[in-house]
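J.:
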Amino acid sequence: AAVLAAALAASACVPGARETFFTYFNSDHGVSVRQPASWRSDQSEQEGVWYRYFLAPPVGPQDRAPVTVTLLAGAMAVTVDEYAQTYLAGNTVASTRAEERQGVPGKSWVFSSADGAKRYRLLLLALGGRVVGLYAQKDAAAAEKHAGTLDEMWASLTIERPDLYPVREWKEQNASL
695 AAVLAAALAA SACVPGARET FFTYFNSDHG VSVRQPASWR SDQSEQEGVW YRYFLAPPVG
755 PQDRAPVTVT LLAGAMAVTV DEYAQTYLAG NTVASTRAEE RQGVPGKSWV FSSADGAKRY
815 RLLLLALGGR VVGLYAQKDA AAAEKHAGTL DEMWASLTIE RPDLYPVREW KEQNASL
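Numbering (the working numbering), first residue to last: 695 to 871.
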């Protein structure tokens, strides 16, 4: 573990080094996402919705994260479009598109604050009365620098469905994987 930590720390110090990712998995909500190793993470629960926060390393005189990504899961009694309104209200939507992960339908949005200072991404999936999603907010100045990282996180969001995992059996050894 110490060797892995040292390797991760060394890669974070090299200028132009490629970001190292690892997979965050939550068995309670059956979801996983790849996160940058250099980002801090925390979680909370509010009004029945579970949140896992991923924060980019702080910068600037305010020493705050220029980008945050939130993984969320909870009950949903409305459509994803209706659920998204809490995030979209008062902002300018640039694009929307249908999404699907592991057979679970949903939708994504790219939008910005009215003044253009903040940029956002939202992905919501409807899973039988539940919502699972990712929400990113970033300073406009940080948008380009972190675009690849956000693309990786978005592409990696997985609804873990063990019943659909492929099974390989070795009958002679009485084993399966």
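Even for Gly, the Cβ is constructed at its ideal location relative to N, Cα and C.
#1: Tell me which residue opens and which closes the alpha helix (DSSP H) that S850 is part of.
#2: Along the chain, where does the beta strand (DSSP E) that runs through Q831 open and close?
#3: Check whether the segment 712 to 728 touches the segment 740 to 755, counting contact only when three or more Cβ pairs, one atom from each stretch, lie closer than 8 Å.
#4: Starting from T762, trace the beta strand (DSSP E) both ways and give me its first and last residue.
#5: Out of curiosity, what's the CA-to-CA distance linking Q756 and D809?
#6: Just how far apart, CA to CA, sit E863 and A830?
#7: For a test of the three-state rule: what should DSSP assign to P799, helix, strand or coil?
#8: Contact defined as beta carbons within less than 8 Å: I believe V761 pairs with K832. What is the distance between those atoms, to the nearest angstrom?
T.: The structure says:
#1: The sequence position of residue 850 within the sequence shown is 156, counting from 1. Unbroken alpha helix (DSSP H) run through S850: A841 to S850.
#2: Within the sequence shown, numbered from 1, the residue matching residue 831 stands at position 137. Residues R824 to D833.
#3: yes
#4: Indexing the sequence shown from 1 puts residue 762 at position 68. From DSSP, the beta strand (DSSP E) with T762 extends over V761 to A769.
#5: In the sequence shown, the residue the question calls residue 756 occupies position 62. In the sequence shown, the residue the question calls residue 809 occupies position 115. Computed Cα separation, rounded: 21 Å.
#6: Sequence index remark: in the sequence shown, residue 863 carries index 169 (1-based). Sequence index remark: in the sequence shown, residue 830 carries index 136 (1-based). Answer to the nearest angstrom: the Cα atoms are 41 Å apart.
#7: In the sequence shown, counting from the first residue as 1, residue 799 sits at position 105. The answer is strand: DSSP assigns P799 an E or B state.
#8: Within the sequence shown, the letter at position 67 stands for residue 761. Within the sequence shown, the letter at position 138 stands for residue 832. Indeed, because the Cβ distance is near 4 Å, the residues count as touching under 8 Å.
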